[in-house]
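First up is the structure itself, then whatever we jot down about it.
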Amino acid sequence: MTTYVAAVDPTATAAGDTAWLLASAALVLLMAPGLAIFYGGMVRSKSVLNMMMMVLGALAVVTVVWVLIGYSIAFGDDVVLGLFGDPTQYLGLEGLVVADPEARIPTILFALFQGLFAVITVGLIAGAIADRTKFGTWLVFCAVWTVLVYAPVAHWIFDFSAGDHVGGWMANELGALDFAGGTAVEINSGAAGLAAALVLGRRIGFGREPMKPHNLTLVMLGAGLLWFGWFGFNAGSALGANHLAAVAFVNTLLAGCTGMLAWLAIERVRDGHPTSFGAASGVVSGLVAITPSCGSVTPMGAMAVGVAAGAICALAIGLKYKLGYDDSLDVVGVHLVGGLVGTILIGLLASSDVTAVDGLLYGGGADQLGKQLVAAGATLVFSFTMTAVIVWVLEKTIGFRVHEDHEASGVDLALHAETAYDMNLTAGGRPHLGGHGPS
């Protein structure tokens, strides 16, 4: 975020800025079902509904937890050393219903907008542990992880000090730049996905059986919805209908395009043919990398970020086979690696035409690059460590991984008593007409 919301402009609420943030929040919300469709197409047919339910379940749980306590931890007055905010200050969004005459946009809208960032972050983690997790335990994980991991990291990087308000250490003491979530969203979710995948272990048959996407049409549709929603994610982070929002919008479009082209080029050279799955993955990798940098780089810089992310992420997804960890839907290869690329490249490509500093390649020296490296590294280590502990405790207490028989037969039927595709109709038989009663 560019600044703490109450300090954007100490005048009456600006209708245009409020309207844009309302629209942006709706676009970010659309990313949740978009992610569900994207992930749903990537898993095998026996796990489609469970995958979609994990993402939509995260939407419900994280939103409630964010309102109750998450926003207060992220944006309340700092309690100690810039690490987390006062968990009671905005409990249940108390005090935000009454309009603040000094805020340019309603603070309660800003709180909701930020909460949807948390939703997407948690939903992304689901892709790393697809096909093998208990749905009930997943919902518990969503709540615990939001409070203990996401909200503190959001405080570090998104909560700017203003007036009497004291914010997080990355934004204020370190001076790292992260426009819309390279640290809090992308590196955070990627590191968490890696930790969860390692603790829970590999899927049955990983490395021996084909585990290809079952429906590439859904993958392409989901990628399109994510791209559309990402304009609200990035351009909305300008917190106003202004020039900076326009720059972020343009950069988001460009990085998605060059990310796709770079990924397809890698596929063409490495595999002999470009694929629709590669196109969708390349778009997402470019969008991931431009998320932290869209408010810091020029359009040419955005295209460079997209190319770097598309190429590096296309190569990085193969690491799971070489290193032996089972990241089901390449959360590590795309979101962790892409988030690192975008966050670190700010130190090279930031331009004072867009933001307050120049990166190394624009004559600004290595100072900002060092700050970006610290922010990226701190987020990765904290998220990985905390997530490993949370998943281990849940596995040892209430159980996180499904029984191997359920995993083999398919978690859709075992956990939800449903299947995505009815393959049992026979000629002359009476079709099931829907509803919840007996057929």
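Quick note on the working numbering: the sequence shown kicks off at 13 and runs consecutively.
Just so you know, even glycine gets a beta-carbon here, dropped at the ideal spot from N, CA and C.
Is residue i near residue j, with beta carbons less than 7 Å apart?
{"i": "Ala328", "j": "Val231", "result": "no"}
{"i": "Glu430", "j": "Asp424", "result": "yes"}
{"i": "Ile85", "j": "Ala188", "result": "no"}
{"i": "Gly298", "j": "Ala267", "result": "yes"}
{"i": "Phe457", "j": "Thr264", "result": "Residue 457 is absent from the structure shown; the chain starts at 13 and stops at 451."}
{"i": "Ala321", "j": "Ala301", "result": "yes"}
{"i": "Gly359", "j": "Gly371", "result": "yes"}
{"i": "Ala432", "j": "Leu61", "result": "yes"}
{"i": "Asp90", "j": "Val178", "result": "yes"}
{"i": "Thr395", "j": "Ala203", "result": "Residue identity differs from the one stated: residue 395 is Ser in this sequence, not Thr. Yes."}
{"i": "Gly234", "j": "Gly46", "result": "yes"}
{"i": "Gly205", "j": "Thr303", "result": "no"}
Name the residue from the options whose alpha carbon lies nearest to the alpha carbon of residue i.
{"i": "Lys408", "options": "Gly194, Ala247, Val211, Ala204", "result": "Val211"}
{"i": "Ala209", "options": "Glu185, Asp143, Ala267", "result": "Asp143"}
{"i": "Ile137", "options": "Phe394, Gly350, Asp342, Thr367", "result": "Asp342"}
{"i": "Leu352", "options": "Ile324, Val73, Leu373", "result": "Ile324"}
{"i": "Ser288", "options": "Gly46, Gly53, His418, Ala183", "result": "Gly53"}
{"i": "Gly367", "options": "Lys224, Thr399, Cys306, Gly382", "result": "In the sequence on display, residue 367 carries Thr and not Gly. Ranking Lys224, Thr399, Cys306, Gly382 by Cα distance to Thr367 puts Cys306 first."}
{"i": "Val40", "options": "Tyr83, Gly377, Gly88, Ala130", "result": "Ala130"}
{"i": "Val262", "options": "Leu276, Leu273, Ala247", "result": "Ala247"}
{"i": "Leu121", "options": "Ala31, Met312, Val369", "result": "Ala31"}
{"i": "Phe412", "options": "Phe218, Ala260, Ile81, Phe153", "result": "Phe153"}
{"i": "Asp338", "options": "Ala44, Gly219, Thr145", "result": "Gly219"}
{"i": "Thr399", "options": "Ser36, Val134, Phe125", "result": "Val134"}
{"i": "Phe87", "options": "Gln126, Val74, Arg56, Val76", "result": "Gln126"}
{"i": "Ala390", "options": "Leu228, Lys146, Gly175, Leu186", "result": "Leu186"}
{"i": "Val405", "options": "Gly336, Tyr333, Met312, Ala207", "result": "Ala207"}
{"i": "Glu198", "options": "Phe50, Val296, Gly213", "result": "Val296"}
{"i": "Ala70", "options": "Leu151, Thr119, Arg215, Ala253", "result": "Leu151"}
{"i": "Leu361", "options": "Asn254, Val73, Ile410, Pro311", "result": "Pro311"}
{"i": "Ala44", "options": "Gly313, Leu238, Val259", "result": "Leu238"}
Mapping DSSP to helix, strand and coil, what is residue i?
{"i": "Ala174", "result": "strand"}
{"i": "Thr119", "result": "helix"}
{"i": "Asp283", "result": "helix"}
{"i": "Asp90", "result": "strand"}
{"i": "Ala145", "result": "One point to set straight first is that residue 145 is Thr, not Ala, in the sequence displayed. Residue state, collapsed to three classes: strand."}
{"i": "Gly330", "result": "coil"}
{"i": "Gly180", "result": "coil"}
{"i": "Gly97", "result": "strand"}
At which residues does the alpha helix (DSSP H) containing residue i begin and terminate?
{"i": "Val79", "result": "Taken as a continuous stretch (DSSP letters only), Val79 belongs to no alpha helix (DSSP H), as it is neither H nor E."}
{"i": "Gly219", "result": "Gly219 -> no alpha helix (DSSP H), and no H or E assigned at all."}
{"i": "Phe245", "result": "228 to 247"}
{"i": "Lys408", "result": "379 to 409"}
{"i": "Val353", "result": "349 to 361"}
{"i": "Pro225", "result": "It is not in any alpha helix (DSSP H) - Pro225 carries neither H nor E in the DSSP assignment."}
{"i": "Phe50", "result": "27 to 54"}
{"i": "Val295", "result": "288 to 305"}
{"i": "His459", "result": "With the chain running from 13 to 451 in the structure shown, residue 459 is simply not present."}
{"i": "Gly202", "result": "200 to 212"}
Output the distance between the C-alpha atoms of residue i and residue j, rounded to the nearest integer angstrom.
{"i": "Gly318", "j": "Asp29", "result": "28 Å"}
{"i": "Ala166", "j": "Leu68", "result": "21 Å"}
{"i": "Ala192", "j": "Val393", "result": "20 Å"}
{"i": "Thr23", "j": "Thr355", "result": "Bear in mind that a pLDDT of 45 at Thr23, under 50, signals an unreliable position, so the model cannot answer this."}
{"i": "Val414", "j": "Val281", "result": "39 Å"}
{"i": "Thr149", "j": "Ala26", "result": "43 Å"}
{"i": "Ala38", "j": "Leu105", "result": "19 Å"}
{"i": "Met65", "j": "Val109", "result": "31 Å"}
{"i": "Val403", "j": "Ala140", "result": "13 Å"}
{"i": "Val349", "j": "Thr397", "result": "17 Å"}
{"i": "Ala19", "j": "Ala115", "result": "Interpretation of Ala19 is limited by its pLDDT of 41, a score under 50 that renders its predicted location unreliable; the figure taken from the coordinates is listed afterwards. Spanning the two alpha carbons is a distance of roughly 7 Å."}
{"i": "Thr14", "j": "Phe170", "result": "Bear in mind that the predicted position of Thr14 carries a pLDDT of just 41, short of 50, making it unreliable; the figure below should be weighed with that in mind. Cα-Cα distance, rounded: 8 Å."}
{"i": "Asp112", "j": "Leu331", "result": "50 Å"}
{"i": "Ile117", "j": "Leu251", "result": "8 Å"}
{"i": "Tyr83", "j": "Asp283", "result": "46 Å"}
{"i": "Val17", "j": "Ser363", "result": "Residue placement at Val17 is poorly supported in this model, since its pLDDT is 41, which falls under 50; the coordinates still yield a value, given next. Cα to Cα, the separation comes out at about 24 Å."}
{"i": "Leu34", "j": "Gln101", "result": "24 Å"}
{"i": "Leu373", "j": "Leu381", "result": "10 Å"}
{"i": "Ser57", "j": "His226", "result": "6 Å"}
{"i": "Gly180", "j": "Asn200", "result": "16 Å"}
{"i": "Ala388", "j": "Val346", "result": "15 Å"}
{"i": "His285", "j": "Lys334", "result": "22 Å"}
{"i": "Ser173", "j": "Asp365", "result": "24 Å"}
{"i": "Val401", "j": "Ile81", "result": "21 Å"}
{"i": "Leu124", "j": "Val79", "result": "8 Å"}
{"i": "Ser36", "j": "Thr119", "result": "15 Å"}
{"i": "Asp190", "j": "Ser421", "result": "43 Å"}
Let me check you understand the geometry: is the CB of residue i closer than 6 Å to at least one non-hydrogen atom of the ligand ATP?
{"i": "Lys146", "result": "Annotation note on the ligand ATP: not contained in the displayed structure, which lists no ligands."}
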